[in-house]
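In our numbering, the protein residues as written are 5 to 164. All C-beta atoms, glycine included, are put in the ideal place defined by N, C-alpha and C.
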């Protein structure tokens, strides 16, 4: 009986915490899916920023359902960055916020966010917004987290 009480309490706490996470999402609704041409523009801007700050990266662009639409990998970036970039983009579009928000939450001791499916708690994933609506997201991996975020924001910014 005591185990049941503990499980119930944990469930309620996790429910409340997940509600807080959802309450802090961007207010932007989802719009139509990003087109391939637009995804390439976003990736090109992110690549230009990555080259400007001298980092080798993988750039992933996903649609509103988190489906990979476009991926670009610099020649000498580690292969692990492929999955990391895709994961950052999927997290960003699924939770309607930059992945930096999760990095900040966890850094502030709110580790319960790690229990949510698909969380990437490291900077580098950013929603792509067009006409006030989220049309996809970009994920960048290969540099330091702040550098990945800088390149991702540069990519997403060309559409706003």
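Beta-carbon to beta-carbon, residue 124 and residue 85 are separated by about 12 Å, too far to satisfy the 8 Å threshold. DSSP, read as helix, strand or coil, puts residue 123 in coil.
Put simply, the backbone Cα of residue 141 is about 19 Å away from that of residue 108. Non-local C-beta neighbours of residue 49 in its own chain, meaning closer than 6 Å and more than five positions away in sequence, comprise 158, 159 and 162, ordered along the chain. DSSP places residue 101 in no beta strand (DSSP E); its state is neither H nor E. Within the segment 134–159, the complete beta strand (DSSP E) segments of 3 residues or longer fall at 137–145, listed in chain order. The way I'd put it, the segment 101–115 doesn't touch the segment 38–48; fewer than three beta-carbon pairs between them come closer than 8 Å.
Annotated three-state conformation of residue 129 is strand, per DSSP. Here residue 74 carries a strand assignment [DSSP, helix/strand/coil]. Our two residues, residue 80 and residue 60, have alpha carbons roughly 7 Å apart in a direct line. A direct Cα-Cα distance of roughly 15 Å separates residue 154 from residue 96. Taking all protein chains in view, the Cβ of residue 74 is crowded by 16 or more other Cβ atoms within 10 Å, so the residue is classified as buried.
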